[in-house]
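J.: One structure, pasted below without further comment.
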Amino acid sequence: MAKRWWILFSAFMVLWCAPAVAATIVVTTLADEQNLNSRCSLREAIINANLDTQSGSPDCQAGSGADIIVFSDDLTGTLTLGSPLPDIDQNLTIKGRTDWSIEISGNYLVGIFEISQGGPTVNLQYLVIAKGSTPHGGGVRANSGVVLNIDRCRFTENFARLATYGGAVLNYKGTVNITDSEFLNNWADIGGAIDSDGTLIVKNCTFQGNEARVGSGIFNGGTADIADSKFESNNIVPPF
Ligand SMILES: [Ca+2]
Ligand SMILES: [Ca+2]
6 MAKRWWILFS
16 AFMVLWCAPA
26 VAATIVVTTL
36 ADEQNLNSRC
46 SLREAIINAN
56 LDTQSGSPDC
66 QAGSGADIIV
76 FSDDLTGTLT
86 LGSPLPDIDQ
96 NLTIKGRTDW
106 SIEISGNYLV
116 GIFEISQGGP
126 TVNLQYLVIA
136 KGSTPHGGGV
146 RANSGVVLNI
156 DRCRFTENFA
166 RLATYGGAVL
176 NYKGTVNITD
186 SEFLNNWADI
196 GGAIDSDGTL
206 IVKNCTFQGN
216 EARVGSGIFN
226 GGTADIADSK
236 FESNNIVPPF
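Right under this line is the structure:
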């Protein structure tokens, strides 16, 4: 009898200690909104994923652990941000469309993604990240301790304004892995497409038409491993 109770107790402990099952949160509108309107926006989805609640909006499923944000099948086109998205501060995957038919645009006014320091692992897949603008990292800023995996994304016309770092991606003392992605026509003062002060691994990527005063494609101030990638028509330009 005692053995049976021990088995039941062990099973309970395994279930109790198991990590939270990730939620898949489906974005159903390309509007940049946070209103109760039966449509789940990317902004609402990120807040729910960060807090593992529905405090962003009951329009989206609640987050739970290392969530996955996807876009509903009927959405294609551009999501234009009216203000910066909330920083991502939990493990999270954001998946666009395999044919790159979802674009997230900063409209040359705001940055797209920022990942909080302290160690979340964030995966960005199949996204077009365009026209983002911040002082550092117009498309994505990864802060210290972050692991950022970028797979099959396209970065176009992002820029770090006011003479600063990383037009498309700033890796500020994190670990950034980039595979099978394109960087087209991004610009900054230093690091036209990417500025890295951490660990950077780039594989099978294309860098074309990026501009900077120093490091038109990539400026590496940390550790970098670049393989099987193409650099074409990236230009050194005078200070903006
Ligand atoms: Ca909504
Ligand atoms: Ca979460």
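Residue numbers (this note's numbering): 6 to 245.
All C-beta atoms in this analysis are idealised placements derived from N, C-alpha and C, irrespective of residue type, glycine included.
In this text, all values refer to a predicted model and were calculated from it rather than measured experimentally.
1. With respect to 7 Å, is the separation between the Cβ of S69 and the closest non-hydrogen atom of ligand 2 below this value?
2. Which stretch, first to last residue, makes up the beta strand (DSSP E) that contains N148?
3. Using the DSSP secondary-structure output, state which residues sit across from V31 in a beta bridge.
4. From F236, I199, A50, pick the residue whose C-alpha is nearest to that of A71; which is it?
5. Starting from E119, follow the beta strand (DSSP E) in both directions and report where the run begins and ends.
6. Determine the extent of the beta strand (DSSP E) in which A198 is found, giving its start and end residues.
7. Only counting the same chain, and skipping five residues up and downstream in sequence, which positions put a Cβ closer than 6 Å to that of F236?
8. Report the partner residues of Q213 according to the DSSP bridge assignment.
9. Using 8 Å as the threshold, is the C-beta distance between I109 and V133 below it?
10. Just to confirm my understanding: we take V26, look at its own chain, exclude 5 residues before and 5 after, and list those with CB closer than 7 Å. What are they?
11. Just to confirm, does A50 get its C-beta within under 7 Å of one of the non-hydrogen atoms of ligand 2?
12. Would you call the segment 49-68 and the segment 90-103 in contact, with 3 or more CB pairs under 8 Å?
13. For the alpha helix (DSSP H) containing R48, list its first residue and its last residue.
14. Pick from D79, D185, N215: whose alpha carbon is nearest that of V207?
15. Is Q95 a contact residue of ligand 2, with contact defined as CB to any heavy atom under 7 Å?
16. Going along the chain, which residues of its own chain have a beta-carbon closer than 8 Å to the beta-carbon of S234, five neighbours each way excluded?
17. Restricting to Cα atoms, I'd like to know which of T161, E187, G196 is closest to L175.
18. Using the Cα positions of I231 and P63, report the straight-line distance between them to the nearest angstrom.
19. With a threshold of 7 Å, establish whether the CB of D92 neighbours any heavy atom of ligand 2.
20. Measure the alpha-carbon distance for E119 versus Y177 and round it to whole angstroms.
21. Does ligand 1 have even one heavy atom less than 7 Å from the beta-carbon of C158?
22. Indicate, with yes or no, if ligand 1 has a heavy atom lying under 7 Å from the CB of R248.
23. For L153, which of K136, L129, G144 has the nearest alpha-carbon?
24. Expressed to the nearest angstrom, what Euclidean distance is found between the alpha-carbon atoms of K136 and Y170?
25. Helix, strand or coil, according to DSSP, for H170 in the structure here?
T.: In brief:
1. yes
2. Here N148 belongs to no beta strand (DSSP E), and DSSP marks it neither H nor E.
3. V75
4. That would be A50, whose Cα lies nearest to the Cα of A71.
5. 118-120
6. Note, A198: premise wrong, no beta strand (DSSP E); not H, not E.
7. F212, G222
8. Beta-bridge pairing links Q213 to L189, E237.
9. yes
10. Within the same chain, and ignoring the five residues on either side of V26 in sequence, the residues whose Cβ sits closer than 7 Å to its Cβ are S69, G70.
11. no
12. In short, these stretches touch, since the Cβ pair count reaches three.
13. According to the DSSP assignment, R48 belongs to the alpha helix (DSSP H) that extends over 47-56.
14. D185
15. yes
16. V207, K208, N209, C210, T211, F212
17. G196
18. 43 Å
19. Short note on D92: C-beta not closer than 7 Å to any heavy atom of ligand 2.
20. 11 Å
21. no
22. Past the boundaries of the shown model lies residue 248; the chain is included only from 6 to 245, so the question cannot be answered.
23. L129
24. Distance between the alpha carbons of K136 and Y170 is about 15 Å.
25. Correcting the residue type first, residue 170 is Tyr in the shown sequence and not His. In the displayed model, Y170 falls within a strand according to three-state DSSP.
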